[in-house]
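As they're listed, the protein sequences go chains A and B. Here the numbering used here is used: the first residue of the first sequence is 35, the next is one more, and so on. Here the numbering used here is used: the first residue of the second sequence is 35, the next is one more, and so on. Working notes, structure below.
2 protein chains.
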Amino acid sequence: MKVYLDNAATTPVRKEVVEAMQPFFSEKFGNASSLHSFGVEARNELEKAREKTASILKVKPSEIIFTSGATEADNFSLKGTALVARKEGKKHLITTAIEHHAVLHSMQWLETQGFDVTYLPVDEFGLVDVEQVSEAIRKDTFLVSVMAANNEIGTIEPFEEIAKICSERNVLFHTDAVQAIGKIPMDLKDIDLLSLSAHKIYGPKGSGVLVVKENVQIEPLIHGGGHEFGKRSGTENVASAVGLAKALELAEKERESEAKRQTALRDKLIDGVLQIPNTRLNGHPTKRLFNNANFSFSFIEGESLILRLNEKGIAASTGSACSSPNLKPSHVLLALGLKPSEAHGSLRLSLGRNNTEEEIDYVLEVLPLVVESLRKISPFAGQ
Amino acid sequence: MKVYLDNAATTPVRKEVVEAMQPFFSEKFGNASSLHSFGVEARNELEKAREKTASILKVKPSEIIFTSGATEADNFSLKGTALVARKEGKKHLITTAIEHHAVLHSMQWLETQGFDVTYLPVDEFGLVDVEQVSEAIRKDTFLVSVMAANNEIGTIEPFEEIAKICSERNVLFHTDAVQAIGKIPMDLKDIDLLSLSAHKIYGPKGSGVLVVKENVQIEPLIHGGGHEFGKRSGTENVASAVGLAKALELAEKERESEAKRQTALRDKLIDGVLQIPNTRLNGHPTKRLFNNANFSFSFIEGESLILRLNEKGIAASTGSACSSPNLKPSHVLLALGLKPSEAHGSLRLSLGRNNTEEEIDYVLEVLPLVVESLRKISPFAGQ
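Dropping the structure here:
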């Protein structure tokens with residue numbers, strides 16, 4: 035049995051999306067900036083994808099900037115507004131300790147360029163305190179970036195409340211909505227900038243959007259021919275944009291039914307796994323994405339767990355995929371107050387539209403045995 | 035008859051490339067940074083694509099950085115080395131007046147950040163003077179960027195000689211090889227940084243490479259999970275990388291035979307078009323890409339020409355695709371010494387592997403009539 039439970043890392047492109055993209059490789063292949071009919075055909079389809087995306091997010095088409103993914107979108111958002119803010123004498127940004135590395139490492143880079151960054155702590159469930167955001171805003175603060183939902187522990191942040199405060203205080207609000215989009219309803223009313231990715235919602239890799247509301251002044255991260263309203267240059271990737279729009283449409287269409295179905299599977303999984311002794315659930319018990327389950331098992335290294343589960347056909351992760359190869363303890367789990375040894379022993383199981391109850395039953399059969407056998411050989415057990 | 039003669043703007047993805055990419059959408063869809071078998075499978079294929087690309091370019095696999103295209107690669111190259119150079123007290127870059135906007139606009143942005151840029155002129159054929167490059171190098175020069183071949187007029191620059199001088203003078207050399215790759219043999223021995231794009235060689239859009247030789251110190255343009263040896267973050271786009279490697283492999287394999295075939299077609303086209311009165315060939319008569327023909331027709335606006343040809347089924351461009359919508363006269367043609375009115379009346383016909391002699395005959399039948407009819411209604415004719 036092959037059970038893929040790493041849908042927070044990436045998802046397979048669904049059939050309807052592959053089909054929607056297909057014509058744009060070899061047939062409707064024109065450069066969307068060309069004046070001839072090949073170009074006009076590509077341009078029309080690109081703009082249709084933009085309109086569809088905008089309509090789902092309830093923003094204007096001119097506020098949709100297609101990018102090569104959410105990492106680029108996060109970088110563009112923070113660095114692009116920072117360059118404008120500097121001219122206005124503003125140099126302070128606020129974020130949280132549990133953001134994705136695309137945000138955290140962009141913030142750290144901005145610090146090397148003379149900007150000040152406040153990294154807000156989170157509580158034991160990974161929740162940011164709205165009051166703390168408000169208190170951290172200074173006269174020279176230009177942007178607050180708080181993710182909509184965390185990629186490792188699935189905690190859903192009070193991003194709409196934070197957005198409202200930022201709006202009232204005249205500070206830009208950015209949210210990395212990579213994990214949240216298609217999983218929770220999102221009201222973008224007070225959100226100035228929002229990053230999303232296609233490959234987390236059964237769309238293609240290398241495809242993302244930065245929503246840039248029309249009130250936002252931003253400098254390009256990537257200069258050139260002036261594509262995407264002068265905000266992001268590079269020959270338009272029509273296939274990717276079409277794929278993203280289609281994936282987003284289907285994700286929204288199925289959101290409620292999948293929420294119901296996956297919540298039931300997730301809860302069965304959580305209840306079952308918590309039967310294993312010395313196990314804790316990481317993240318918030320209720321304010322969490324319907325597809326996320328994250329556990330810490332005392333006395334065990336996460337990597338060993340992943341590899342043993344892999345031998346049994348179960349694909350899971352410890353921390354996020356992005357930080358897997360470096361084997362550092364998760365910065366998210368450390369921020370919750372876990373000890374490095376506990377953070378090392380974490381397991382993220384993230385569900386998707388293809389998972390079945392049979393698969394969950396299989397995991398609940400295999401996982402306790404794997405944990406038991408690893409604890410038997412653990413030098414930490416019984417200490 | 036539909037005749038696509040805008041292959042310098044973009045090309046259709048060839049069948050073999052689409053087939054090579056196909057498995058990576060829905061089957062081998064893993065995140066290449068995941069530790070489980072889905073991830074390992076993706077990682078292996080990504081590294082195979084990297085090795086293939088490296089072997090064709092005769093560089094090390096660790097010197098291949100996959101990007102979202104050549105525009106990103108150009109931006110990364112210039113801005114990434116500039117950030118390092120600044121720490122060493124160096125602030126001068128050298129480029130030419132006829133670079134692609136991805137280079138020129140990155141340079142202009144660097145000027146706003148305190149860097150100095152020398153824009154070298156070119157001669158009437160679009161050639162950069164090697165001596166002038168040498169003379170422009172200062173003590174604080176850290177990088178020279180000269181394109182391998184121009185995208186509008188097809189002129190092949192003496193990039194290998196310039197690279198050699200830069201190497202001797204201990205200055206980095208970057209080349210935008212988007213149009214040259216797959217068309218001319220390229221020796222990367224003295225080249226430190228090289229940008230290329232898949233979609234100009236029958237690969238997918240949104241896929242490029244920046245070659246970064248191991249001696250080069252560079253900061254990321256896109257920060258995050260530390261992908262691509264810490265140089266370019268974002269979930270790896272395996273399908274795109276595989277497509278690029280395949281496209282490059284096939285382009286190199288067919289390079290000599292296509293050079294012969296397309297040169298004959300191009301020369302027939304040039305000879306035929308130059309029969310039209312008051313017509314000039316832009317670019318170098320011999321040092322030019324085998325697929326490029328660029329003309330100026332007195333008394334005519336390029337845009338009208340493109341639209342009339344389009345009505346006859348012929349897809350062509352004036353200037354480059356990137357600058358089409360803004361209707362500014364080509365900065366490349368102005369740099370050759372053409373008057374704005376002449377630069378406005380230019381036509382680029384760029385051949386590709388799918389063009390036939392029959393198509394060239396058709397163009398030679400249609401184009402003189404179109405030019406004649408436009409001149410009849412031109413307010414400039416006869417002045």
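Beta carbons: idealized from backbone N, C-alpha and C, even for Gly. From a predicted model like this one, the values you see are computed outputs, not experimental measurements.
query, result
"Residue 69 of chain A by DSSP, collapsed to three states: which one?", "coil"
"Relative to chain B, which residues along the segment 253–265 of chain A have a C-beta separation below 9 Å, given in chain order?", "253, 254, 255, 256, 257, 258, 259, 260, 261"
"Can you confirm whether residue 273 of chain B, when its beta carbon is compared against all beta carbons of chain A, has any partner nearer than 9 Å?", "yes"
"Taking 9 Å as the CB-CB limit, is residue 47 of chain B close to chain D?", "As a matter of chain content, chain D is missing from the structure shown, whose protein chains are A and B."
"Measuring only the C-alpha atoms, how far is residue 116 of chain B from residue 175 of chain B?", "10 Å"
"Taking DSSP's pairing of strands, which residues face residue 348 of chain B in a bridge?", "B/37"
"In whole angstroms, what separates the C-alpha of residue 112 of chain B from that of residue 118 of chain A?", "21 Å"
"Which residues does DSSP list as the beta-bridge partners of residue 274 of chain B?", "The partner list for residue 274 of chain B (beta bridge, DSSP) is empty, contrary to what the question assumes."
"Output needed in chain order: residues of the segment 223–239 of chain A with a Cβ under 7 Å from some Cβ in chain B.", "233, 238, 239"
"Using 10 angstroms around the beta-carbon of residue 309 of chain B, count the other beta-carbons present and answer buried if the total reaches 16, otherwise exposed.", "exposed"
"Nearest to residue 387 of chain A by alpha carbon, out of A/78, A/235, A/254?", "A/235"
"Mind pulling the chain B residues with CB within less than 9 Å of residue 40 of chain A?", "64, 65, 68, 70, 72, 73"
"So, does the CB of residue 108 of chain B fall closer than 9 Å to a CB anywhere in chain A?", "yes"
"Of all Cβ atoms in chain A, is any one closer than 9 Å to the Cβ of residue 348 of chain B?", "yes"
"Taking only beta-carbon positions, decide if residue 400 of chain A is within less than 9 Å of chain B.", "no"
"Going along the chain, which residues of its own chain have a beta-carbon closer than 8 Å to the beta-carbon of residue 85 of chain A, five neighbours each way excluded?", "95"
"What are the start and end residues of the alpha helix (DSSP H) that includes residue 328 of chain B?", "Taken as a continuous stretch (DSSP letters only), residue 328 of chain B belongs to no alpha helix (DSSP H), being part of the beta strand (DSSP E) at 326–331."
"Output needed for residue 398 of chain A: all residues of its chain with C-beta closer than 6 Å, excluding positions within five of it in sequence on either side, in chain order.", "306"
"Within the segment 158–196 of chain B, note down every full beta strand (DSSP E) run reaching 3 residues or more, in order along the chain.", "175–179"
"Starting from residue 344 of chain A, find everything on chain B with Cβ-Cβ shorter than 8 Å and list it in chain order.", "69, 70, 71"
"Is residue 408 of chain B near residue 326 of chain B, with beta carbons less than 9 Å apart?", "no"
"Counting only C-beta atoms, is residue 283 of chain A closer than 9 Å to chain B at any point?", "no"
"From what residue to what residue does the beta strand (DSSP E) around residue 98 of chain A run?", "98–101"
"Measure the beta-carbon distance from residue 104 of chain A to residue 246 of chain A and round it to whole angstroms, keeping in mind my assumption that it falls under 8 Å.", "So it is not a contact: roughly 14 Å between Cβ atoms."
"Would you tell me roughly how many angstroms separate the C-alpha atoms of residue 362 of chain B and residue 338 of chain B, rounded to the nearest one?", "14 Å"
"Could you check where the beta strand (DSSP E) with residue 4 of chain A kicks off and where it finishes?", "Residue 4 of chain A lies beyond the residue range present for chain A, which begins at 35 and ends at 417; the question has no answer from this structure."
"Measuring only between beta-carbons, confirm whether residue 136 of chain A sits less than 9 Å from chain B.", "yes"
"Rounded C-beta distance between residue 380 of chain B and residue 330 of chain B? I'm assuming under 8 Å.", "5 Å"
"Does the beta-carbon of residue 291 of chain A have 16 or more other beta-carbons within 10 angstroms, so that it is buried, or is it exposed?", "exposed"
"Where do the ends of the alpha helix (DSSP H) carrying residue 236 of chain B lie?", "Residue 236 of chain B -> no alpha helix (DSSP H), and no H or E assigned at all."
"Considering only the beta carbon of each residue, do residue 207 of chain A and residue 190 of chain A sit closer than 9 Å?", "no"
"Tell me, which residues are paired with residue 375 of chain A by DSSP?", "According to DSSP, residue 375 of chain A bridges with nothing at all."
"Along chain A, in chain order, which residues have C-beta atoms closer than 7 Å to that of residue 269 of chain B?", "44, 103, 233, 239"
"State the DSSP-derived secondary structure class of residue 257 of chain B, mapped to helix, strand or coil.", "coil"
"Can you pull the DSSP bridge partners for residue 227 of chain A?", "A/208, A/246"
"Looking at chain B, which residues of the segment 317–341 of chain A have a Cβ within less than 8 Å of any of its Cβ atoms?", "337, 340, 341"
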